[in-house]
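Per our numbering, the very first residue in the sequence shown carries number 42; after that it's consecutive. C-beta: ideal position from N, C-alpha, C; glycine also. As the structure is a computational prediction, the values presented were derived from the model and not from experiment. Input: a single structure, listed below in structure tokens.
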Amino acid sequence: MRGYLAAVAGSEPLTPVSRDWARQRTDLEDEVPVVHEETVTGRRYEGDGIRELRIPRFKSVAGRSGDLTQGEWAETALAAAVLADARPVLSPRWKSQQRLTLGRFTPVTHIRVVEIGCVDASRNVLFEGTPEEAHHRYVRMAEARVRAVKAGGDYLPGQGCGACELVDICPAVPSRPGFLGVDSPPARRRSWSMTTARDYRTCPARAHLKDLFLPRAEAAENTPAIVRGQAVHTAIEELHSRSPVRACASTDAPATPEHWRAGRWEVTGFQARLGTQMVGDHALVCPLHELPGDAQVYPERSLVVHDPDADVVVVAKTDLLYRRTDTWFLRETKTVRSLDESDPLLAYPQLALALLLAHEGAVPGTTEEGTTGCRVELERLTGSGPVLTELDGDDGELLAQARRIVTEHATHWHADEEYVARPGKHCETCPVIQWCPSRPEKSAA
Ligand SMILES: [Zn+2]
Numbered sequence: 042m043r044g045y046l047a048a049v050a051g052s053e054p055l056t057p058v059s060r061d062w063a064r065q066r067t068d069l070e071d072e073v074p075v076v077h078e079e080t081v082t083g084r085r086y087e088g089d090g091i092r093e094l095r096i097p098r099f100k101s102v103a104g105r106s107g108d109l110t111q112g113e114w115a116e117t118a119l120a121a122a123v124l125a126d127a128r129p130v131l132s133p134r135w136k137s138q139q140r141l142t143l144g145r146f147t148p149v150t151h152i153r154v155v156e157i158g159c160v161d162a163s164r165n166v167l168f169e170g171t172p173e174e175a176h177h178r179y180v181r182m183a184e185a186r187v188r189a190v191k192a193g194g195d196y197l198p199g200q201g202c203g204a205c206e207l208v209d210i211c212p213a214v215p216s217r218p219g220f221l222g223v224d225s226p227p228a229r230r231r232s233w234s235m236t237t238a239r240d241y242r243t244c245p246a247r248a249h250l251k252d253l254f255l256p257r258a259e260a261a262e263n264t265p266a267i268v269r270g271q272a273v274h275t276a277i278e279e280l281h282s283r284s285p286v287r288a289c290a291s292t293d294a295p296a297t298p299e300h301w302r303a304g305r306w307e308v309t310g311f312q313a314r315l316g317t318q319m320v321g322d323h324a325l326v327c328p329l330h331e332l333p334g335d336a337q338v339y340p341e342r343s344l345v346v347h348d349p350d351a352d353v354v355v356v357a358k359t360d361l362l363y364r365r366t367d368t369w370f371l372r373e374t375k376t377v378r379s380l381d382e383s384d385p386l387l388a389y390p391q392l393a394l395a396l397l398l399a400h401e402g403a404v405p406g407t408t409e410e411g412t413t414g415c416r417v418e419l420e421r422l423t424g425s426g427p428v429l430t431e432l433d434g435d436d437g438e439l440l441a442q443a444r445r446i447v448t449e450h451a452t453h454w455h456a457d458e459e460y461v462a463r464p465g466k467h468c469e470t471c472p473v474i475q476w477c478p479s480r481p482e483k484s485a486a
């Protein structure tokens with residue numbers, strides 16, 4: 042907030058506008074007129090023939106003009122055109138299924154779309170010009186994209202579902218009342234994953250701040266072993282994304298075992314050698330052996346269910362979802378230096394969540410006719426070789442244990458409304474410490 046105020050302190054005096062801005066356009070679809078609405082989000086200001094939209098960003102926007110993506114240019118052009126034709130939205134905000142009631146149009150001569158980096162009070166003008174220029178920009182940069190969005194596409198549930206107003210009616214997100222098994226009443230809609238649970242156990246404030254999608258100091262979190270694990274995961278994910286589908290071979294392991302990278306993860310020395318061995322070992326237990334080239338194979342697929350009793354969107358990112366004849370499989374791959382002989386569900390609570398999701402028919406495709414459910418596999422790549430364990434989703438006792446683990450991990454988090462920080466040694470590697478109200482003040486000396 043301080044950064045935002047500092048960034049706008051120098052601007053000319055404009056009056057804040059409380060109503061949202063939108064415009065309506067009528068298109069012919071199969072010769073039937075259909076009204077489309079376009080609206081903008083951000084802070085709205087007007088005065089002296091100027092209409093200005095300020096978009097607060099968490100991150101710095103200094104010098105960003107050069108590296109906007111095509112999507113961002115399209116968004117900017119759309120926003121500028123909406124400003125040119127803006128009418129105030131009079132109807133209540135959350136009646137999302139109805140057409141908006143708009144107020145009177147007041148012409149302006151000048152349009153401005155500005156983004157503000159709240160972290161450092163930076164300011165970046167995205168568009169400035171006349172309404173005519175805004176309309177031209179829309180035709181050039183936004184129209185085709187708007188048409189593509191209207192035409193629709195596949196649903197792709199994932200992390201973002203937690204912030205979605207429509208998740209409870211989304212056809213791609215199954216509703217499973219009581220999935221989490223918590224008894225506290227629902228508060229605002231939140232999303233929950235095993236990462237949330239782990240963060241919550243470390244420090245409730247960390248879980249909450251990450252849930253707000255605040256920018257993170259990412260490097261702080263990562264030990265060399267974590268980086269190696271991520272590099273191995275990414276390397277295997279890339280192999281599993283090949284088209285046509287092909288099983289991994291031991292020759293697919295990194296060619297330079299002393300130093301290699303996969304995606305943004307770079308490893309050297311001991312961790313690089315261990316990682317190379319793990320990727321090579323994976324070939325022995327690769328699930329894609331003897332699958333046809335057009336098999337259904339989905340690496341890094343997010344599974345999402347909504348528990349309306351808790352009003353929580355449960356998100357599980359799985360390593361691999363694939364189909365072998367009429368059975369689906371969820372494969373979780375873990376890299377550990379030495380094998381842990383303890384109960385897999387306790388060691389890896391994500392497996393408990395995966396079992397439950399598989400059992401509840403929340404895995405896409407598993408409820409199709411002709412399929413026989415979904416099995417869960419744990420692949421452990423260790424310093425002394427690969428170990429594959431299959432978990433039986435029809436085993437009642439195992440399922441009951443999985444349910445207990447999931448409920449245990451969600452209960453305190455769900456009932457918490459304060460998210461009080463629990464400062465400790467973990468603060469040193471906390472990725473969201475800069476947002477934490479309880480962070481220790483640096484000594485002034
Ligand atoms: Zn493989």
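- Ranked by Cα distance from K251, the first of S234, A115, T366, A127 is S234.
- Within the segment 403 to 480, the complete alpha helix (DSSP H) segments of 4 residues or longer fall at 437 to 456, listed in chain order.
- Exclusion of the five residues before and after V76 leaves Q65, T67 as the residues of its chain whose Cβ lies within less than 6 Å of its Cβ.
- Taking 7 Å as the cut-off, the C-beta of L362 does not count as close to any heavy atom of ligand 1.
- Between A266 and Q312, the C-beta gap is smaller than 8 Å, which places the two residues in contact.
- Here R153 is not near I96, since their CB atoms are 8 Å or more apart.
- The C-beta distance from A403 to P212 rounds to 13 Å, too long to fall under 8 Å, and the pair is not in contact.
- By the 16-neighbour rule on beta-carbons within 10 angstroms, T317 is buried.
- Within the chosen limit of 7 Å, ligand 1 reaches the beta carbon of L329 through at least one heavy atom.
- Just so you know, the alpha carbons of V345 and R372 end up roughly 16 Å apart.
- Taking the C-beta atoms as reference points, V208 is found no nearer than 8 Å to V58.
- In the DSSP assignment, V214 falls outside any alpha helix (DSSP H) and carries neither an H nor an E.
- Its chain contains A388 as the residues whose beta carbon lies nearer than 6 Å to that of D381, once the 5 sequence neighbours on both sides are disregarded; these appear in chain order.
- Between the alpha carbons of V73 and E341 lies a gap of roughly 41 Å.
- Contact between the segment 431 to 438 and the segment 219 to 227 is absent: fewer than 3 CB-CB pairs across the two stretches fall below 8 Å.
- As summarised for the segment 281 to 326, the continuous alpha helix (DSSP H) elements at least 4 residues long and confined to that stretch are 310 to 326, given in chain order.
- Under the 10 Å beta carbon count, I210 is surrounded by fewer than 16 other beta carbons and is classified as exposed.
- Under the three-state reduction of DSSP, V268 is assigned to helix.
- Using a Cβ distance threshold of 8 Å, Q391 and A357 count as a contacting pair.
- With a contact defined as Cβ atoms closer than 8 Å, V160 and S106 miss out at about 18 Å.
- Rounded to the nearest angstrom, the gap between the Cα atoms of E116 and L141 is 21 Å.
- Put simply, the backbone Cα of T275 is about 9 Å away from that of R302.
- For L55, no beta strand (DSSP E) segment is defined, and its DSSP state is neither H nor E.
- The beta carbon of T412 lies closer than 6 Å to those of D367 in the same chain, with the five residues before and after it left out.
- When C-alpha distances from K191 are compared across L419, E79, P481, the shortest belongs to E79.
- Inclusion of R305 and V377 in the CB contact set at 8 Å is not warranted, their separation being larger than that value.
- In this structure, the CA atom of Q475 is about 44 Å from the CA atom of D433.
- Distances from the CA of E418 to each of P385, G426, D322 were compared; the closest alpha carbon is that of P385.
- Contact annotation: S479 and A120 have beta-carbon atoms that are not nearer than 8 Å.
- Proximity to V473 across F168, R60, Y363, F99 peaks at F99, based on C-alpha coordinates.
- Boundaries of the alpha helix (DSSP H) around H400: 390 to 400.
- Fully contained in the segment 132 to 165 are the following beta strand (DSSP E) runs of length 3 or more, in chain order: 151 to 158.
- A direct Cα-Cα distance of roughly 45 Å separates D108 from V428.
- Beta-bridge annotation (DSSP): F370 is paired with Y363, R416.
- Judged by DSSP in its simplified three-state form, G194 adopts coil rather than helix or strand.
- Taken through DSSP and simplified to helix, strand or coil, S383 comes out as coil.
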